[in-house]
Structures are given as structure tokens and as C-alpha cells.
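Heads up: the structure comes next, in C-alpha cells.
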Amino acid sequence: MSWRKEMFGSEKPIIAMLHLRAFPGDPLYKRTDTMKQVVEHARHDLHALQEGAGGVDGILFSNEFSLPYQCPVDPIAPAAMGRIIGELMSEITKPYGVDLESDPMAAIDLAAAVDAKFIRGTFTGAYAGDGGLNNTDIATTLRRKRELGLDDLRMLYFLNNESDEYLVERDVVDVAKSMIFCCKPDVLCISGAYAGQQANTDWITRVRTAANGTPVFCNTGCRADNIKEKLAISDGACVGTAFKVDGKFENLVDVNRVAEFMTQVQEYRKENE
1 MSWRKEMFGS EKPIIAMLHL RAFPGDPLYK RTDTMKQVVE HARHDLHALQ EGAGGVDGIL
61 FSNEFSLPYQ CPVDPIAPAA MGRIIGELMS EITKPYGVDL ESDPMAAIDL AAAVDAKFIR
121 GTFTGAYAGD GGLNNTDIAT TLRRKRELGL DDLRMLYFLN NESDEYLVER DVVDVAKSMI
181 FCCKPDVLCI SGAYAGQQAN TDWITRVRTA ANGTPVFCNT GCRADNIKEK LAISDGACVG
241 TAFKVDGKFE NLVDVNRVAE FMTQVQEYRK ENE
């Protein structure tokens, strides 16, 4: 049995993004907002994701609305996420992970604090984009994971950054092979240019062929009308925008869209697993 089957109950799990609203100090956090509202929005989304047609297979808490992202993040980000997850802990029924955008070290520490089963992020590479330069430090990140005794924590690596580009052009297959050799990722995640945009199907196919058993997830752009196709060429998916009201990134989760999506997933599993 693979670790995915053991953790999520499926060889090709659907991990739902729980996009947390902006925190105090973030540009999108209004003067009239409160952390209590942020917690309640998260509670609404959590229950919708867990209840639609039996719910998704896993939950990934992410500071998605802390735009533009920082590296390193302000201390308020892990503090706010710790509060939110702590308040919701007794209501979480699915395996859960954390994603602190652009700050792997903070994600490692937060995972230890809230008993997360997995983290996702941009752990390797050097990138340029709207936020400037981002130079990761996977060596320090993995040593911090070891230092905290998180031997069972699974790491979902972005193979390509959603919004930034490598400083030097690199073929995705070469990147994947190097990443697997040096870092031993638990999952490789392939993304489109931004949340909700479809990932390159050719990239997924090529990388999965070259990955020699390392799981490859479709990281963006999965919808109810294409998830069967995406699962056929990948080992799972991270899904966020498709679950929102009207399929819009800025909205809350719609339990009916979750049910519609997961019904398609269940049909795929009956036919293929």
C-alpha cells in the first residue's frame, strides 16, 4: 500500500485547498475585518469541503489571500494560521496539511506546531517574478525537518512556480530528475501560471514517465468537467478554485460544486481503481 492510500484512502487523492482570508497587515485585510471573521470563513469552507458527496480526501490550509506573498513571511502569518487551525482542530475529519506561500521554513515549523501530515510549497530553485527574486534553500529546509523530528511529514514540491520563472530556462524533465535525485520529494506538483489555470498536460505526462514512481500531481486547473482526464495522467490533484462559488478564486467554497466534483472522482475510481 502506498503512503497516499494509507493517508488519504486513495492512490489518486483529491487534496482541497482551504484558502485562508487575508491576515492583519496583509494588503487585502480591510480595517473593518477581524480575525474572528477569518476563522468563520475558514470554518465554512472546511465543512463544505468535507461534506460534499462524502468530501475530499485531504485539506491543505494556505495563506492564499496574503497577496503579494512574502519570503520570509511576517510572524503574523504562522501565528494566524496556528490560531485558525487550532480553533478548527476538533472539526477537521480529513488528513490536513499546511502551505505558507513562499516560506518553506515557516511551513515546516507550523506543521510541527499543528500536527500537519503534509506540506506543499516551492522548496527548490531560484525564481524571478512580480515579487522580485526568490532563492530557496532546500538544504536548510530539509535539515529543519530532521531537527524537528518530522520524519513522517510528507512534502509536496512545486516542480514549477505558479507565477514566477526559473532564472535560467530548464526543461521540466531535467528539473524533475534532479529534484528526485537530490531531495527525494514525496510528490511533484505541476502548475499552470496562476490559481485555476490548467497545468500543461504534456508536462504532466513527460514528468510522470520520467519520475520512476515518484507521484505527480496536477496542481491547478482541475474542474468537474476535466478531472477524469487529469486523474488518468496523474497521481492526484490539488484543487481550489473549482470548488468556489461560480468557480471564482475570491469566493467561498460551494458545497454543491464540491459534490459535483467528487461525484466525478468517485465515478473515475469505480471504473479504474
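Per the numbering used here, the very first residue in the sequence shown carries number 1; after that it's consecutive.
For each residue, glycine too, the CB sits at the ideal point set by N, CA and C.
Give the DSSP-derived three-state secondary structure of residue i in the structure shown.
i	result
K244	strand
E165	strand
Y275	Lying outside 1 to 273, the shown extent of the chain, residue 275 is not represented and no answer is given.
N256	helix
V239	strand
N272	helix
L49	helix
L231	helix
G82	helix
M1	coil
L133	strand
G55	coil
L148	coil
L88	helix
K30	coil
Q276	Beyond the ends of the chain as shown, which are 1 and 273, falls residue 276; an answer cannot be given.
F23	coil
D103	coil
Compute the minimum distance between the beta carbon of residue i and the heavy atoms of the ligand FMN, and state whether it is under 7 Å.
i	result
Q50	For the structure depicted, the ligand FMN is absent and the ligand set is empty, with no information on it obtainable.
Buried or exposed for residue i, going by 16 or more other Cβ atoms inside 10 Å?
i	result
G196	buried
P72	exposed
K145	buried
S191	buried
T136	buried
E64	buried
K36	exposed
A139	exposed
D151	exposed
F249	exposed
K297	Any answer about residue 297 is impossible in this case: the structure gives the chain only from 1 up to 273.
N97	Position check: residue 97 holds Gly in this sequence, whereas Asn was assumed. Under this definition G97 is a buried residue.
S2	exposed
Going straight from the alpha carbon of residue i to that of residue j, what length do you get?
i	j	result
I204	R31	42 Å
A22	M262	28 Å
G221	D235	15 Å
N161	T209	21 Å
P24	S102	18 Å
F181	A111	25 Å
H41	L252	7 Å
L67	L28	7 Å
K270	D26	44 Å
N219	V39	25 Å
A199	G58	20 Å
V168	T124	14 Å
A126	N134	6 Å
A79	D99	13 Å
H47	I84	14 Å
G9	R154	15 Å
V258	G52	5 Å
I108	I233	30 Å
L148	D74	21 Å
V255	D202	31 Å
R206	D130	28 Å
L143	T241	Going by the sequence as given, residue 143 is Arg instead of Leu. Approximately 33 Å, taken between the alpha carbons.
E91	T34	21 Å
Y69	E229	32 Å
K94	A116	11 Å
V173	C238	21 Å
E267	E260	11 Å
G132	G247	29 Å
A211	E6	21 Å
L18	R43	10 Å
E11	E87	30 Å
G55	L20	19 Å
A113	F61	14 Å
A176	A128	19 Å
What residues match up with residue i in a beta bridge as DSSP calls it?
i	result
R154	F118
F61	L18 and V98
A126	N135
Does residue i get closer than 8 Å to chain C when you measure Cβ to Cβ?
i	result
I233	Any reference to chain C falls outside this structure, which holds one protein chain only.
(message) Give the list of continuous beta strand (DSSP E) stretches no shorter than 3 residues that lie fully inside the region 169-235.
(response) Those beta strand (DSSP E) runs which fall completely within the region 169-235 and span 3+ residues are 187-190 and 216-218.
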